[in-house]
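To start, the structure itself, in structure tokens.
Number of protein chains: 2
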Amino acid sequence: MDKQSEQFITNTHENIDEETLFVVSLTFKALGDPTRIRILHLLFNKEHSVNEIAEKLQLKQSTVSHQLRFLKNLRLVKYRRAGTTLYYTHDDEHVIGLLKQTIEHAMHS
Amino acid sequence: MDKQSEQFITNTHENIDEETLFVVSLTFKALGDPTRIRILHLLFNKEHSVNEIAEKLQLKQSTVSHQLRFLKNLRLVKYRRAGTTLYYTHDDEHVIGLLKQTIEHAMHS
DNA sequence: TGTGTATATTAGCATATATTCATATTTTAT
DNA sequence: ATAAAATATGAATATATGCTAATATACACA
């Protein structure tokens, strides 16, 4: 067995494949910013428009819009339109679960 | 009831306190980098020295040392000394759990 | 004490990221 | 068609982040 194959096999359980690594790090990166955490937290229980989010969290409309685009690209949020208003909700139960878990853990420690 | 108190109360369940927000975002930030994920993943099952990590993951010793310091500051890893060699292990079951969950989820989707 | 080995630290650089301002786009209602 | 309201976008800026080379430190042992 040549060295490369050997290394491949011996590392099978220690290496993550590139694609998984990419997805996992992106997921955590999305949750690694206070503004995005606050937005997602606000969307825990009910939908909010962009302006509602901006007002409740004291952020610029532009900031909220940028972060929502980020979250939407990762399919972590979705929206429904009502006239000119867009109501955003979360769209990834797994990620919301991670966030809830971690908030719980941080609060009780 | 004055406006400030009113706002405080109505926002009680929508706002995260500053300290929790800080801890949560730091935790996710730690997991939001491919290199740190690979290191933690390598430490899932057994301890590794700095050089072992560097060799297995094809990273510079300096890079590994820097990331280990980062992880140690957050108490995500610890080490034992054996002569001049430091063997690192993970040191936060909750965070390792988050990582395992997310890797599992990413692989089966 | 001197030498080799393992790890840590410092400084510099390049890239990534978050926010803001200004402006554009989209939709609705008149 | 035009105006108003809500949201999105682009560009600029400031800061954060990760990597690297070079060097320093810590430990073991002759």
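Taken in sequence, the protein lines are chains A and B. When we follow our numbering, the leftmost residue of the first sequence carries the number 61, and every step to the right adds one. When we follow our numbering, the leftmost residue of the second sequence carries the number 61, and every step to the right adds one. Backbone N, C-alpha and C fix where the C-beta goes; we use that ideal spot for every residue, glycine too. Values in this document were obtained by computation on a predicted structure and should not be read as measured data.
Contact belief for residue i with residue j at Cβ below 8 Å, rounded distance in angstroms
i: A:I156; j: A:L100; result: 7 Å
i: B:V110; j: B:L128; result: 7 Å
i: B:R98; j: A:L158; result: In fact, because the Cβ distance is near 19 Å, the residues do not count as touching under 8 Å.
i: A:F130; j: B:G92; result: Not quite, the Cβ-Cβ distance comes to about 13 Å (not below 8 Å), so this is no contact.
i: B:Y147; j: B:V137; result: Contact flag wrong, Cβ pair sits at about 10 Å.
Interface flag, residue i vs chain B, CB-CB below 8 Å
i: A:I97; result: yes
Secondary structure of residue i, DSSP reduced to three states
i: B:Q67; result: Because B:Q67 sits at a pLDDT of 42, beneath the cut-off of 50, its placement in the model cannot be relied upon, and the following sentence gives the value as read from the coordinates. In this structure, B:Q67 counts as helix in the three-state DSSP scheme.
i: B:T149; result: strand
i: A:K120; result: coil
i: B:K106; result: coil
i: A:R135; result: coil
Neighbouring residues, chain A, relative to residue i (Cβ below 8 Å)
i: B:S85; result: L91, G92, D93, P94, I97
i: B:I76; result: I97, R98, H101, I163
Below-8 Å beta-carbon distance, residue i vs any chain A residue
i: B:T123; result: no
i: B:S65; result: Below a pLDDT of 50, predicted positions are generally treated as unreliable, and B:S65, at 45, falls in that range; the measurement from the model is reported next regardless. Closer than 8 Å: no.
Any non-hydrogen atom of the ligand ATP within 7 Å of residue i CB
i: A:T123; result: With respect to the ligand ATP, the structure offers nothing, as it holds no ligand at all.
ask   = Of the residues that make up the stretch 143 to 165 of chain A, which ones have a beta carbon closer than 8 Å to any beta carbon in chain B?
value = H154, L158, L159, Q161, T162, I163, H165
key: Residues, ordered as in the chain, of the stretch 113 to 137 of chain A that lie near chain B by beta-carbon distance below 9 Å   = K116, L117
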